[in-house]
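Shown next, in structure tokens, is the structure this report addresses.
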Amino acid sequence: MSVLESKIPEGPLKDKWTKHKNDINLVNPANKRNIDVIVIGTGLAGGSAAATLAELGYNVKTFCYQDSPRRAHSIAAQGGINASKNYQGDGDSDYRLFYDTVKGGDYRSREANVYRLAEVSGNIIDQCVAQGVPFAREYGGLLDNRSFGGVLVSRTFYAKGQTGQQLLLGAYSAMNRQINRGKIQSFNRHEMMDLVLVDGKARGIIARNMVTGEIERHSAHAVVLASGGYGNVFFLSTNAMGSNVMAAWRAHRRGAYFANPCYTQIHPTCIPVSGEHQSKLTLMSESLRNDGRIWVPKKKEDAIAIREGKKKPTELSEEERDYYLERRYPAFGNLVPRDVASRAAKERCDAGFGVNKTGEAVFLDFASAIKRYGKEAAFSSGNKNASEAEIIKLGKEVVEAKYGNLFQMYQKIVDQNPYETPMMIYPAVHYTMGGLWVDYNLQTTIPGCYAAGEANFSDHGANRLGASALMQGLADGYFVLPYTIGDYLSKDIRTGKIPTDSPEFDAAEKDVKDKISKLMNASGKHSVDYYHKKLGKIMWNKCGMARNAQGLQEALDEIKELREDFWANVKVPGAAEGKNAELEKAGRVADFLELGELFAKDALHRNESCGGHFREEYQTEEGEALRDDENFKYVAAWEYKGNPRDAQLHKEELDFKNIELKTRSYK
Amino acid sequence: MKLTLKIWRQENANAKGKMVTYPIDGVEGDMSFLEMLDVLNEDLINKGEEPVEFDHDCREGICGACSLQINGEPHGPDKLVTTCQLHMRSFKDGDTIVIEPFRAKAFPVVKDLIVDRGAFDRIQQAGGYVSVNTSGNTIDANSIPVNKHDADDSFAAATCIGCGACVAACKNASAMLFTSAKVSQYALLPQGQVEATERVQNMVRQMDLEGFGNCSNTGACEIECPKGISLENIARMNREYMSATSKG
Ligand SMILES: Cc1cc2nc3c(=O)[nH]c(=O)nc-3n(C[C@H](O)[C@H](O)[C@H](O)COP(=O)(O)OP(=O)(O)OC[C@H]3O[C@@H](n4cnc5c(N)ncnc54)[C@H](O)[C@@H]3O)c2cc1C
Ligand code: SF4
Ligand code: FES
Numbered sequence: 001m002s003v004l005e006s007k008i009p010e011g012p013l014k015d016k017w018t019k020h021k022n023d024i025n026l027v028n029p030a031n032k033r034n035i036d037v038i039v040i041g042t043g044l045a046g047g048s049a050a051a052t053l054a055e056l057g058y059n060v061k062t063f064c065y066q067d068s069p070r071r072a073h074s075i076a077a078q079g080g081i082n083a084s085k086n087y088q089g090d091g092d093s094d095y096r097l098f099y100d101t102v103k104g105g106d107y108r109s110r111e112a113n114v115y116r117l118a119e120v121s122g123n124i125i126d127q128c129v130a131q132g133v134p135f136a137r138e139y140g141g142l143l144d145n146r147s148f149g150g151v152l153v154s155r156t157f158y159a160k161g162q163t164g165q166q167l168l169l170g171a172y173s174a175m176n177r178q179i180n181r182g183k184i185q186s187f188n189r190h191e192m193m194d195l196v197l198v199d200g201k202a203r204g205i206i207a208r209n210m211v212t213g214e215i216e217r218h219s220a221h222a223v224v225l226a227s228g229g230y231g232n233v234f235f236l237s238t239n240a241m242g243s244n245v246m247a248a249w250r251a252h253r254r255g256a257y258f259a260n261p262c263y264t265q266i267h268p269t270c271i272p273v274s275g276e277h278q279s280k281l282t283l284m285s286e287s288l289r290n291d292g293r294i295w296v297p298k299k300k301e302d303a304i305a306i307r308e309g310k311k312k313p314t315e316l317s318e319e320e321r322d323y324y325l326e327r328r329y330p331a332f333g334n335l336v337p338r339d340v341a342s343r344a345a346k347e348r349c350d351a352g353f354g355v356n357k358t359g360e361a362v363f364l365d366f367a368s369a370i371k372r373y374g375k376e377a378a379f380s381s382g383n384k385n386a387s388e389a390e391i392i393k394l395g396k397e398v399v400e401a402k403y404g405n406l407f408q409m410y411q412k413i414v415d416q417n418p419y420e421t422p423m424m425i426y427p428a429v430h431y432t433m434g435g436l437w438v439d440y441n442l443q444t445t446i447p448g449c450y451a452a453g454e455a456n457f458s459d460h461g462a463n464r465l466g467a468s469a470l471m472q473g474l475a476d477g478y479f480v481l482p483y484t485i486g487d488y489l490s491k492d493i494r495t496g497k498i499p500t501d502s503p504e505f506d507a508a509e510k511d512v513k514d515k516i517s518k519l520m521n522a523s524g525k526h527s528v529d530y531y532h533k534k535l536g537k538i539m540w541n542k543c544g545m546a547r548n549a550q551g552l553q554e555a556l557d558e559i560k561e562l563r564e565d566f567w568a569n570v571k572v573p574g575a576a577e578g579k580n581a582e583l584e585k586a587g588r589v590a591d592f593l594e595l596g597e598l599f600a601k602d603a604l605h606r607n608e609s610c611g612g613h614f615r616e617e618y619q620t621e622e623g624e625a626l627r628d629d630e631n632f633k634y635v636a637a638w639e640y641k642g643n644p645r646d647a648q649l650h651k652e653e654l655d656f657k658n659i660e661l662k663t664r665s666y667k
Numbered sequence: 668m669k670l671t672l673k674i675w676r677q678e679n680a681n682a683k684g685k686m687v688t689y690p691i692d693g694v695e696g697d698m699s700f701l702e703m704l705d706v707l708n709e710d711l712i713n714k715g716e717e718p719v720e721f722d723h724d725c726r727e728g729i730c731g732a733c734s735l736q737i738n739g740e741p742h743g744p745d746k747l748v749t750t751c752q753l754h755m756r757s758f759k760d761g762d763t764i765v766i767e768p769f770r771a772k773a774f775p776v777v778k779d780l781i782v783d784r785g786a787f788d789r790i791q792q793a794g795g796y797v798s799v800n801t802s803g804n805t806i807d808a809n810s811i812p813v814n815k816h817d818a819d820d821s822f823a824a825a826t827c828i829g830c831g832a833c834v835a836a837c838k839n840a841s842a843m844l845f846t847s848a849k850v851s852q853y854a855l856l857p858q859g860q861v862e863a864t865e866r867v868q869n870m871v872r873q874m875d876l877e878g879f880g881n882c883s884n885t886g887a888c889e890i891e892c893p894k895g896i897s898l899e900n901i902a903r904m905n906r907e908y909m910s911a912t913s914k915g
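Quick note, the sequences are listed as chains A and B, same order. 1 is the number of the first residue of the first sequence in this note's numbering; add one for each residue after it. 668 is the number of the first residue of the second sequence in this note's numbering; add one for each residue after it.
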């Protein structure tokens with residue numbers, strides 16, 4: 001097994017990034033004009049990378065599958081973005097953010113990367129404010145903060161429940177500025193279908209114009225993949241319908257190692273599944289756990305009565321409720337990290353205390369918060385003897401100002417009023433910590449191919465803390481990648497334009513076309529969704545919140561079988577020339593059917609529990625995750641070898657010099 | 668529920684389109700409108716017919732991809748929701764539902780219910796930004812305090828999802844509500860002041876070039892906007908525009 005070269009700079013942790021920036025080769029502005037960079041994805045990572053690269057002088061081409069860069073799935077992020085500004089004076093610092101992230105990730109991330117992330121986090125907020133991102137503010141005009149799970153400080157910046165939208169529109173506006181200057185060409189409704197390597201280097205892509213069906217060649221000196229996460233391998237997730245692994249997976253097939261595919265985040269607060277027709281799951285932001293209290297009935301009879309509609313949750317007294325997170329984790333209470341909160345909900349529901357028809361839901365209750373805020377509001381407005389009704393009215397107003405759009409979303413979907421009755425929530429697939437392996441420079445194992453944002457594996461270890469994905473996407477895109485890529489591109493100043501009429505482009509284009517015609521000409525028994533839903537069921541039941549060796553072994557075989565069935569029998573109606581949504585889906589599901597198998601293989605090989613990866617065989621007596629640092633303190637990077645199950649493991653040992661490895665405790 | 672769907676089918680931008688009738692059964696109130704179309708499509712695929720194409724992605728009312736003119740109203744009968752958040756409980760057994768693409772000269776049909784809203788991108792490219800470099804040499808965020816009310820109003824304008832319902836609702840197919848939302852976001856913030864004059868002029872010029880109609884203050888856009896973007900933004904943009912043109 002080879003050792004992966006992580007290229008972590010020498011020197012003390014806090015000086016590494018500064019020193020590295022001083023050491024890397026630069027490309028002079030005149031030469032940048034002769035260098036082309038392709039960016040796949042226009043989410044926070046891709047959009048911000050494209051904007052900064054263009055501003056530095058490179059010629060940038062961006063690609064996205066939506067009709068506009070502004071619709072990338074980053075738009076849906078709700079709760080907020082972290083930064084170690086310490087504006088609240090509550091003892092925050094770069095080190096604390098670094099520490100929380102490494103601990104939150106259950107000691108499975110690379111120290112140097114995480115520290116850099118913390119170090120540039122403050123600058124993200126400065127940048128976004130300068131761009132006109134309308135963050136929430138206090139009455140004094142300064143920026144407001146809230147708390148997220150797994151931390152004891154208030155470092156999350158937000159824009160109501162639409163933080164992702166506002167940050168993405170900021171990145172999109174920076175892109176627009178560069179489009180207007182002619183430095184970015186944006187290809188919308190274009191899907192990357194393959195990565196083209198020339199002399200072992202990433203030199204371009206094959207893309208499909210989703211409107212005309214044309215297969216196009218695009219060359220560049222480097223390719224950045226910022227194509228998002230692969231949560232949709234589960235079919236049901238909080239990701240957008242089109243979120244997919246195609247770009248990353250095709251790069252993997254061309255030689256980029258795929259790291260820790262089994263690290264998936266199951267988010268504790270999502271709207272429960274309502275029926276078979278369900279196409280996606282909706283997140284209720286983690287920020288709600290600042291004020292919402294999670295509970296199930298103490299007595300099973302009550303749970304059953306509630307399930308059957310014979311009792312209302314509001315009829316249960318405080319004593320009849322089990323605030324199980326507050327009970328099990330007094331120090332962090334409702335703000336434990338996501339993996340812990342999700343498993344605790346599953347544990348209660350498996351034990352028979354679930355509160356909706358399917359028995360797979362717990363309550364998230366705002367009644368106490370409404371009262372508390374109401375009292376505060378009444379008091380500060382001079383109404384010292386406010387009645388109960390006045391207090392509740394005022395409290396509802398405060399809660400509405402904080403979470404209004406989330407409450408509205410909930411009401412639309414569930415048809416219940418969360419101001420009057422507690423929300424019902426259940427964990428759902430949300431984020432993938434795994435992704436393309438990258439070194440400190442964010443370069444994959446293919447020279448010239450970089451990965452940023454959720455598409456890479458880099459910063460979150462085995463579990464991501466809330467509000468840290470937006471931070472990572474923008475850190476990668478605005479501040480890290482545009483510099484580290486210069487080191488590589490400095491060797492390309494004399495290369496000249498990369499031609500697209502080479503045998504490598506011919507071969508890649510032929511591969512893509514063959515694949516499409518194979519899909520169009522399969523026997524036509526079942527729709528693409530039929531396969532995707534089946535895959536989702538296997539993944540959720542056997543590779544979901546809790547996994548065991550036997551289930552994973554079964555999953556490996558079942559996925560392989562399903563994949564073979566898919567290629568023989570899938571039905572793609574219509575023609576490949578022109579818009580064809582079924583063909584688009586088929587291409588994505590084909591890749592999920594490969595990734596799923598590697599996922600199961602990775603989960604099976606990791607004989608420990610850590611973060612989002614919970615192996616039932618490895619738990620403490622109290623049901624907490626049991627890590628095995630002696631044998632598994634490494635990143636598992638898989639090399640493609642034909643069949644996913646034949647992938648070869650490469651280990652990057654993780655070295656913890658600045659943090660002491662401990663058992664995570666939130667008690 | 669049993670429903671009758673009348674859906675606009677059009678092969679591509681150059682083809683002639685027509686309305687086609689599809690009966691559908693087994694629709695549940697908990698389904699979203701798009702999930703109802705998923706069921707129809709699954710059925711069409713199994714019958715060997717081509718499914719109906721429509722734009723969608725997030726399915727939670729934030730990406731702005733979904734559109735659809737439903738019984739003559741953009742995003743259907745419910746207020747303050749996008750099509751993807753519309754649930755079938757808003758309809759009743761036996762209803763006939765007419766589903767068409769958003770209609771506007773500046774939004775040509777791509778296929779079936781999908782239209783090309785690229786004009787919106789081009790309006791934003793003309794000036795919907797603050798010209799700061801993104802490489803990180805900025806001042807501390809809290810050195811630019813912003814009055815909370817202004818910040819909140821700016822945020823409210825910035826929540827426009829770029830769906831185009833305002834254009835589809837307007838008898839003149841005007842894009843004033845959309846354009847004014849962006850202009851207002853920056854007009855309300857100190858960061859946006861420096862380029863205010865050029866911004867509003869450039870964005871309005873592009874809006875006119877794209878072939879959107881004039882605003883006749885009917886207010887249909889505000890009523891149909893799923894995000895409650897207020898007409899006050901149009902008034903603000905008009906003021907900005909007047910003062911910009913008087914400055915020259
Ligand atoms: C509902 C929800 C709420 C969240 N809330 C928060 C939060 O509050 N705080 C937080 O920090 N994080 C949050 N997250 C996580 C965070 O939003 C994402 O991890 C992050 O936005 C991912 O950004 P990205 O740029 O990597 O990818 P994305 O934004 O997903 O962008 C992917 C891009 O790649 C393009 N693309 C993909 N495949 C192809 C292809 N083959 N060809 C061409 N283009 C392609 C897409 O078109 C898109 O432009 C949330 C996530 C979800 C789903
Ligand atoms: S103003 Fe409203 S209707 Fe118009 S694009 Fe924006 S969100 Fe859609
Ligand atoms: S699908 Fe995103 S807003 Fe409707």
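The beta-carbon is built from N, C-alpha and C at its ideal position, and this holds for glycine as well. Fair warning: this is a prediction, and the values are worked out from it, not measured in the lab.
Which residues DSSP lists as bridging residue i, in chain order
i	result
A:P422	DSSP output for A:P422 lists no bridge partner at all.
A:P499	Answer is none; A:P499 lacks a bridge partner.
A:R146	A:T156
A:W295	A:F363
A:S676	In the structure as shown, chain A begins at 1 and stops at 667. Residue 676 of chain A is therefore absent and cannot be evaluated.
Buried versus exposed call for residue i [16 or more other C-beta atoms within 10 Å across all chains shown]
i	result
A:R33	exposed
A:F379	exposed
B:V687	exposed
A:E630	exposed
A:T358	exposed
A:Q648	exposed
Bounding residues of the alpha helix (DSSP H) (the contiguous stretch that carries residue i)
i	result
B:D819	815-825
A:S380	367-380
B:E865	863-876
A:H605	581-605
Alpha-carbon spacing of residue i relative to residue j, whole angstroms
i	j	result
A:Q178	B:G785	17 Å
A:F505	A:I184	23 Å
A:I304	A:R293	21 Å
A:F709	A:G47	As displayed, chain A neither begins before 1 nor continues past 667, which places residue 709 of chain A out of reach and without an answer.
A:L394	A:F366	14 Å
A:I516	A:V211	15 Å
B:S798	A:R321	54 Å
A:K675	A:A546	Outside the modelled stretch of chain A, which goes from 1 to 667, sits residue 675 of chain A, for which no answer is possible.
A:C270	A:H460	21 Å
Where the beta strand (DSSP E) through residue i begins and ends
i	result
A:L201	Correcting the residue type first, residue 201 of chain A is Lys in the shown sequence and not Leu. Counting along the chain, the beta strand (DSSP E) containing A:K201 begins and ends at 201-209.
B:S802	Counting along the chain, B:S802 falls outside any beta strand (DSSP E), and DSSP gives it neither H nor E.
A:K396	Note, A:K396: premise wrong, no beta strand (DSSP E); alpha helix (DSSP H) at 388-414.
B:I691	685-691
Proximity of residue i and residue j at Cβ, strictly below 8 Å
i	j	result
A:W295	A:Y324	yes
A:N417	A:Q411	yes
B:C830	B:L844	no
Residue i at chain E interface by Cβ criterion, 8 Å
i	result
A:A76	The structure shown contains no chain E; its protein chains are A and B.
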